[in-house]
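The block underneath contains the structure these notes are about, expressed in structure tokens.
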Amino acid sequence: GVDVGRRDEGPCVVEGRGRRAHPERTEEPLVESGAKRQTIRCNRADGRRPVAGDIACCYTGLRTAHARLLIERPVVRCAAVRMDLVTGIVIVDGNCLSAQERQAFARADGFANSFELLSWFTEQYGRGDFEGFLTEGRF
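Residue numbers (our numbering): 81 to 219.
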């Protein structure tokens with residue numbers, strides 16, 4: 081997976097989802113090319129979220145001998161995300177996304193479509209509700 085840290089306070093993982101539910105899904109090229117413009121993470125225990133203007137440092141292989149920096153990019157937006165992993169409803173900053181908006185949302189996160197995104201989150205977090213945040217970067 082890919083890990084994102086903040087330069088000013090050490091590692092602030094906002095990407096790097098642990099085990100891969102889809103081993104064939106490699107995020108590194110998507111991050112480096114700019115195809116993956118956002119990341120979705122579950123809420124942190126300390127409640128900290130990135131804010132616009134933070135510098136997101138995107139790494140791969142953290143906590144291994146093969147760690148490397150992929151890119152650095154400014155955070156342009158952080159928004160609350162809630163997904164009902166049973167019904168497929170996606171809510172960003174209180175706005176329920178239409179079917180077309182869900183597709184664009186999934187593609188911005190490096191998935192082929194919303195079904196793939198929701199399947200990935202279901203495999204990672206189980207059925208039910210997912211609550212977290214979206215971080216968007218500028219390239």
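C-beta: ideal position from N, C-alpha, C; glycine also. The model shown is predicted, which means the values in this text are computed figures rather than measured ones.
Let me check understanding here. Comparing Cα to Cα, which of the options lies closest to residue i?
i	options	result
residue 160	211, 217 and 197	211
residue 115	189, 179, 183 and 209	189
residue 193	203, 204 and 179	179
residue 200	128, 150, 164 and 136	164
residue 202	162, 133 and 174	162
residue 141	173, 150, 121 and 126	150
residue 205	108, 123, 128 and 110	123
residue 107	132, 187 and 126	187
Assuming residue i and residue j are in contact, meaning their beta carbons sit under 8 Å apart, how far apart are those beta carbons, in whole angstroms?
i	j	result
residue 154	residue 218	5 Å
residue 139	residue 147	6 Å
residue 168	residue 198	6 Å
residue 135	residue 152	6 Å
residue 216	residue 156	5 Å
residue 191	residue 121	The Cβ separation is near 15 Å, so there is no contact.
Applying the 10 Å Cβ sphere with the 16-neighbour rule, what's the burial state of residue i?
i	result
residue 118	buried
residue 158	buried
residue 227	Shown here, the chain extends from 81 to 219; a query on residue 227 therefore has no answer.
residue 184	exposed
residue 182	buried
Which residue marks the beginning of the beta strand (DSSP E) containing residue i, and which one marks its end?
i	result
residue 162	148 to 164
residue 140	135 to 140
residue 121	118 to 122
residue 171	170 to 172
residue 212	209 to 217
Would you give the residue range spanned by the alpha helix (DSSP H) that residue i belongs to?
i	result
residue 182	179 to 188
residue 195	194 to 205
residue 111	107 to 113
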